[in-house]
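Mapped onto this note's numbering, the consecutive letters of the sequence shown carry residue numbers 14 to 491.
The beta carbon of each residue, even a glycine, is placed where N, CA and C say it ideally should be.
Since the structure is predicted, the reported quantities are computational estimates derived from the model, not experimental observations.
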Amino acid sequence: MITPIPHPLLEQLRQICGPANVLTHDDPTTDLSPWEQDWRKRVRGRALAVVRPGDTAQVAAVVKACAASGTPIVPQGGNTGLVVGGVPNGSGTQIVLSLSRMNAVRAIDPANLTITVEAGCVLQNLQAAAEAAGFLFPLSLGAEGSCTIGGNLGTNAGGTQVVRYGNTRELCLGLEVVTAQGEVWQGLSGLRKDNTGYDLRNLMIGSEGTLGIITAATMKLYPQPAAQLTAWAAVPSMEAAVKLLGLAHQRLGPGLTGFEVMGQFALSLVDKHYPQLRVPLWQETPWCVLLENSDSESESHARGQFEALLEAALELGCVTDAVVAENLTQAKGLWHIRESITMAQATEGLNIKHDISIPVSRIPDFVAETDALLAQNVPGVRMVDFGHLGDGNLHYNVQAPEGADGPTFLREFEDKVNTLVFDQVKRFGGSISAEHGVGEQKVHKLPHYKDPTALAMMRAVKQALDPQNILNPGRVLE
Ligand code: FAD
Ligand code: MLT
Ligand code: ZN
14 MITPIPHPLL EQLRQICGPA NVLTHDDPTT DLSPWEQDWR KRVRGRALAV
64 VRPGDTAQVA AVVKACAASG TPIVPQGGNT GLVVGGVPNG SGTQIVLSLS
114 RMNAVRAIDP ANLTITVEAG CVLQNLQAAA EAAGFLFPLS LGAEGSCTIG
164 GNLGTNAGGT QVVRYGNTRE LCLGLEVVTA QGEVWQGLSG LRKDNTGYDL
214 RNLMIGSEGT LGIITAATMK LYPQPAAQLT AWAAVPSMEA AVKLLGLAHQ
264 RLGPGLTGFE VMGQFALSLV DKHYPQLRVP LWQETPWCVL LENSDSESES
314 HARGQFEALL EAALELGCVT DAVVAENLTQ AKGLWHIRES ITMAQATEGL
364 NIKHDISIPV SRIPDFVAET DALLAQNVPG VRMVDFGHLG DGNLHYNVQA
414 PEGADGPTFL REFEDKVNTL VFDQVKRFGG SISAEHGVGE QKVHKLPHYK
464 DPTALAMMRA VKQALDPQNI LNPGRVLE
């Protein structure tokens, strides 16, 4: 048994959460990397301790103790974030407050179409609880097996159904939050209308753990569709993909619940690293599109709509070939290909990721111009382009040239490539972070691309809500 080094704050935290829920480096056999290393394994921080409270009162007591000692707190859910927002820095002075033990589904209210869950509830379990109650919770992303609703709210996560249901922010009706002073805001409203002052809920959502710690949320439920069909289309250009999107909106209306674009090189990496997934149609076309039609009537109605849409698109030349999944297994297989791009890219080697949004109409020109600029300035790079075209959100990723040494490539080109891409994004009226957030990764870039008045307002809000700057310091704002 290791005798912990006496530390007044850690003693308090062990009192509050129980010794087993306060993990430190005292015990050399405890591996803290699951909480200290980011998902992309690009950054490894060092925590003073990882603390795992079991309920809201414990979270509040932990925050009070940290506030009293001026100890910074990094809130953490599933640690799948991609902008280094949920891991400690290297100082060894920060507490990682993991919400993972607080994962209960507290209530489902069918008539109100709401579900209330604790922040540490894994997204996949929330989806399953909704489905078991006969409803749909329509937030869906590749990390859903480990990300939590607290992290989804912390980052205002997007995913593949935003085109129909919006980001996490649009799916939330109420929050329970522990403030930087350790007070509990009981805001778990199931109300769709509540105009009584500032919108604190939407301020908290997307604040990446820098304004408060979300401990529970009331989320919207939707009726389950009668049928959900998936189609995979080969499209000859990004212009054609945008045209197909317009046609799909026109023909499917609210039935269009997914519209993902995937570049040929991105799909070649899935084919290379996961050949068993059998990527369709990718060899002869620069782009493929994955569409989903969720129909409230019937499978035959959905199929008929899809076939009419694809016929019209073939006639217009914005599709050159297409397959409609015959059944759910085939549909899941196509979505699995789409969700495997991130892993395939990581397996291929180090790369420079961008999570940008541009007005949909301007995406074709952005891609053509920026590809050309990159080819000119960083010869040999390979473009891993894919993403949620339906929301104007492109993952415009730059893979090191074939055979290049990854770390050297990043060292020499990451900042140059980021600046080139972000300057283009600004020129095209876009945002340098569409859905992943700012975290630490983009905190030094943000001031170059965000309206200065908006930044000043954000700083004023941070100063008002967390004057000690103990909540996730150095994230979102420098
Ligand atoms: P964490 O990584 O633990 O934390 C993320 C941020 O939220 C941190 O700043 C943290 O401090 C804060 N936070 C966590 N919990 C709380 C809380 N309870 N209260 C306040 N702040 C909190 N993201 C998308 O938007 N769309 C995608 O399609 C998508 N696909 C992905 C695919 C893969 C394979 C992977 C690895 C990631 C993907 N992501 C995507 C990124 C990531 O999954 C999301 O950002 C997700 O919302 C993070 O949830 P998490 O629970 O892992 O949060
Ligand atoms: C996705 O859309 O797959 C995610 O946002 C992850 C990524 O960008 O790699
Ligand atoms: Zn994404």
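Residues that DSSP places opposite residue i in a beta bridge
i: residue 306; result: 242 and 269
i: residue 185; result: 232
i: residue 401; result: 406
i: residue 226; result: 191
i: residue 200; result: 188
i: residue 161; result: 135
i: residue 364; result: 412
i: residue 396; result: 411
i: residue 50; result: 57
i: residue 35; result: 64
Three-state secondary structure (DSSP) of residue i
i: residue 410; result: strand
i: residue 27; result: helix
i: residue 326; result: helix
i: residue 134; result: coil
i: residue 482; result: coil
i: residue 440; result: helix
i: residue 220; result: coil
i: residue 148; result: strand
i: residue 371; result: coil
i: residue 380; result: helix
i: residue 40; result: coil
i: residue 212; result: coil
i: residue 298; result: coil
i: residue 64; result: strand
i: residue 274; result: strand
i: residue 334; result: strand
i: residue 84; result: coil
i: residue 417; result: coil
i: residue 447; result: coil
i: residue 454; result: coil
i: residue 340; result: coil
i: residue 247; result: strand
i: residue 57; result: strand
i: residue 180; result: coil
i: residue 291; result: coil
i: residue 488; result: coil
i: residue 89; result: strand
i: residue 353; result: coil
i: residue 167; result: helix
i: residue 313; result: helix
i: residue 423; result: helix
i: residue 237; result: coil
i: residue 432; result: helix
i: residue 391; result: coil
i: residue 466; result: helix
i: residue 473; result: helix
i: residue 20; result: coil
i: residue 77; result: helix
i: residue 386; result: helix
i: residue 206; result: coil
Contact belief for residue i with residue j at Cβ below 8 Å, rounded distance in angstroms
i: residue 454; j: residue 193; result: Residue 454 to residue 193, Cβ: 23 Å. No contact.
i: residue 310; j: residue 270; result: Contact doesn't hold; Cβ gap of about 14 Å is too wide.
i: residue 373; j: residue 405; result: 4 Å
i: residue 412; j: residue 362; result: 7 Å
i: residue 96; j: residue 450; result: 5 Å
i: residue 224; j: residue 484; result: 7 Å
i: residue 108; j: residue 128; result: At roughly 30 Å, the Cβ-Cβ gap does not stay under 8 Å, so residue 108 and residue 128 are not in contact.
i: residue 308; j: residue 239; result: 6 Å
i: residue 52; j: residue 92; result: 6 Å
i: residue 300; j: residue 277; result: 7 Å
i: residue 302; j: residue 380; result: Incorrect: roughly 14 Å between the Cβ atoms, too far for contact.
i: residue 265; j: residue 322; result: 7 Å
i: residue 221; j: residue 452; result: 6 Å
Residue-chain proximity (residue i, chain B), Cβ-Cβ < 8 Å
i: residue 222; result: The chain inventory of the structure shown lacks chain B, comprising one protein chain alone.
**Asked** Taking the runs of the beta strand (DSSP E) that are 3 residues or longer, which of them lie wholly in the segment 92-128?
**Response** 107-111 and 118-122
**Prompt:** Hey, is the segment 224-244 in contact with the segment 160-174, meaning 3+ C-beta pairs nearer than 8 Å?
**Reply:** yes
**Message:** Could you check whether the segment 245-264 touches the segment 155-162, counting it as contact only if at least three pairs of C-beta atoms, one from each stretch, sit closer than 8 Å?
**Reply:** no
**Message:** Counting beta carbon pairs with one atom in the segment 131-151 and one in the segment 43-62, are three or more of them shorter than 8 Å?
**Reply:** No contact exists between the segment 43-62 and the segment 131-151.
**Request:** May I ask you to verify whether the segment 265-281 touches the segment 338-357, counting CB pairs closer than 8 Å and requiring at least 3?
**Result:** yes
**Request:** Mind the definition here: the segment 394-403 touches the segment 466-476 only if three or more C-beta pairs lie below 8 Å; say whether that holds.
**Result:** No, because fewer than three Cβ pairs between the segment 394-403 and the segment 466-476 fall closer than 8 Å, the two stretches do not touch.
**Message:** Assess contact between the segment 68-85 and the segment 25-32, defined as three or more Cβ pairs (one per stretch) separated by less than 8 Å. Is contact present?
**Reply:** yes
**At least three beta-carbon pairs within less than 8 Å, the segment 424-434 to the segment 138-154** = no
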